[in-house]
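Residue numbers for the sequence shown, in the working numbering: 29 to 162.
In this text, a Cβ means the ideal position worked out from N, Cα and C, and glycines have one as well.
In this text, all values refer to a predicted model and were calculated from it rather than measured experimentally.
Here's the structure we're looking at; comments come further down.
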Amino acid sequence: MKLALIAHDKKKDDLIQFVTAYQPILAQHTLYATGTTGQRIMDETDLDVMRFRSGPLGGDQQIGAMIAQDEMDMIIFFRDPLTAQPHEPDVSALMRLCDVYNVPLATNMGTAEVLLKGLEEGFVNWRLIRERRE
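As C-alpha cells, then:
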C-alpha cells in the first residue's frame with residue numbers, strides 16, 4: 029500500500045519516534061512524505077521515502093492530488109493543533125479529500141498506532157479492491 033507521512037514542525041520528533049517504533053510494518057509499504065519530514069525519516073531510519081515539497085510549498089497538495097487520483101491508501105499526519113499554520117487551507121483540503129475518497133487518516137499517535145496495527149493484520153485490505161474504491 030501507499031502511505032503518506034506528514035508532520036508539522038513541532039510534531040516531527042514525535043513522528044520520527046513513531047516511525048522508528050513501527051519501521052518493520054512501514055518497510056513493507058511504499059512511503060511518501062512532505063519535504064523535511066521525509067528527509068528526517070530517511071536520515072534517522074533505514075526506510076526509503078518518496079519526498080514531495082514541504083507542506084507550505086505545496087507538498088500537502090501533491091499528496092492530495094494522489095488521493096484524488098486514487099493513488100494513496102493511508103495518511104499519517106501528526107498535526108500541531110496549538111500552532112497556527114500558514115497553509116491551514118491546504119491541510120483542511122487534504123483532510124476533506126481523505127473523507128471524500130475514504131482514505132484512512134490519523135492525525136495523532138494514538139490513531140496512527142491503531143491504523144498501522146490494522147494494516148499489519150489486513151484490516152484495511154479493502155483499499156486494494158478497486159471496485160470498493162469507486
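Taking the beta carbon of residue i as the centre, do at least 16 other beta carbons fall within 10 Å, making it buried, or is it exposed?
i: T139; result: exposed
i: K145; result: exposed
i: G66; result: buried
i: G83; result: buried
i: D118; result: buried
i: T111; result: exposed
i: A55; result: exposed
i: I157; result: exposed
i: V131; result: buried
i: V128; result: exposed
Assuming residue i and residue j are in contact, meaning their beta carbons sit under 8 Å apart, how far apart are those beta carbons, in whole angstroms?
i: M94; j: M102; result: Actually they are not in contact, since the Cβ atoms of M94 and M102 sit about 11 Å apart, beyond 8 Å.
i: E148; j: I69; result: About 19 Å; that fails the 8 Å criterion.
i: D88; j: H57; result: With 8 Å as the limit, D88 and H57 do not qualify as a contact, their Cβ atoms being about 20 Å apart.
i: F3; j: D42; result: This structure does not reach residue 3, given that the chain is present from 29 up to 162, and the question cannot be answered.
i: L31; j: Q51; result: With a Cβ gap of about 13 Å, L31 and Q51 do not count as contacting.
Going by DSSP, which residues form a beta bridge with residue i?
i: K30; result: T58
i: L133; result: I103
i: M78; result: Y60
i: A35; result: F106
Do residue j and residue i have their beta-carbon atoms positioned less than 8 Å apart in this structure?
i: L125; j: G92; result: yes
i: M46; j: Y60; result: Note on identity: in this sequence residue 46 is Phe, with Met being the wrong assignment. No. Outside cutoff.
i: E72; j: I44; result: yes
i: M29; j: R155; result: yes
i: L122; j: A134; result: no
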